[in-house]
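Visitor: The structure that follows is given in the form of structure tokens.
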Amino acid sequence: MTLRQVYAALYRTYGPQHWWPGETPFEVMVGAVLTQNTAWSNVEKAIVNLKTHDALDPAVITHTPARTLAAWLKPSGYFNIKARRLKNFCAWYLAAGGLAALQRLDTATLRRELLRVNGVGPETADDILLYAFQRPVFVIDAYTRRLFSRLQLIDGEESYEVLRHYCEKGLGRATGKVALFNEYHALIVAHAKSVCRKTPLCAACCLRRRCPLGHEILR
DNA sequence: ACCCAGGGTCATA
DNA sequence: TATGACCATGGG
1 MTLRQVYAAL YRTYGPQHWW PGETPFEVMV GAVLTQNTAW SNVEKAIVNL KTHDALDPAV
61 ITHTPARTLA AWLKPSGYFN IKARRLKNFC AWYLAAGGLA ALQRLDTATL RRELLRVNGV
121 GPETADDILL YAFQRPVFVI DAYTRRLFSR LQLIDGEESY EVLRHYCEKG LGRATGKVAL
181 FNEYHALIVA HAKSVCRKTP LCAACCLRRR CPLGHEILR
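Counted from 1, the first sequence has number 39 at position 39 by the working numbering; the numbering is strictly sequential.
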């Protein structure tokens, strides 16, 4: 089984996912920070709160007291830490000169800069690169490790960077890499949600010849 | 009542 | 470099 075959099976099963949910690049970036180890349904509530207070804006977030911001972020969990991380990110964003200035940076530079922000790790940075800046970066998350590991494509203990390069090389020379990587990550999450997460069978589901829940993908 | 979620940082050894 | 503690809400 190849990375392309896994993709084809996922796409056949779940169809296009239309990621990232978010109306602007900045909203995508905020969502990427807020969704760290957190269910998206909780993040949505926090983003609604920000919009309600006209606070989905880097300058507003910067000038909002941490305690106020944390109160708006409460539904997304880790609200004190995330308030600080959002402020760190917005300070970086404004200091860099905003969206237009950031868009002019090449991908490697932009990635390094994102990783300088305290609160932005490799996955959050890659979410932002792919879904806010349309850069051809493959996002590695816990689901990706689990899935590819269970399919015996990888060991599962490789470093983030090793896995990212493996996936990017493995999907090689495609024109449309951005669209492919976009859909691939979203499909893995869709698969995790619909099959693997809500049942004790999740650990084996993807590898069974016939899924006990009736799913027929990834054989 | 327990488990998990679209991670990351920091202290310790 | 590698492991563990910590952050915290909400749904299954």
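No residue lacks a Cβ here, since even glycine has one placed at the ideal position from N, Cα and C.
Using only CA atoms, which one of His191, Thr64, Pro16, Tyr166 lies nearest to Leu147?
Guide: His191
Visitor: Over what stretch of residues does the alpha helix (DSSP H) that includes Val60 continue unbroken?
Guide: 58-63 is the span of the alpha helix (DSSP H), which, as asked, contains Val60.
Visitor: Indicate the three-state DSSP secondary structure (helix, strand or coil) for His18 in the structure shown.
Guide: Note: His18 maps to coil in three-state DSSP.
Visitor: Helix, strand or coil, according to DSSP, for Thr2 in the structure here?
Guide: coil
Visitor: May I have the straight-line CA-CA distance separating Val6 from Ala59, to the nearest angstrom?
Guide: 42 Å
Visitor: To the nearest angstrom, report how far apart Gln225 and Thr68 are at their CA atoms.
Guide: Because the chain spans 1 through 219 in this model, residue 225 falls outside it and cannot be assessed.
Visitor: Out of Gly176, Val178, Val139, Arg111, point me to the one whose CA is closest to Ala159's CA.
Guide: Contrary to the premise, residue 159 reads as Ser rather than Ala in this sequence. When Gly176, Val178, Val139, Arg111 are compared, the shortest CA-CA separation from Ser159 is found for Val139.
Visitor: I need the DSSP call for Tyr118, collapsed to helix, strand or coil.
Guide: Residue 118 is actually Asn in this sequence, not Tyr. The DSSP-derived three-state label of Asn118 is coil.
Visitor: Measure from the alpha carbon of Ala8 to the alpha carbon of each residue in Leu180, Ala83, Ala95, Val189, then state which is nearest.
Guide: Leu180
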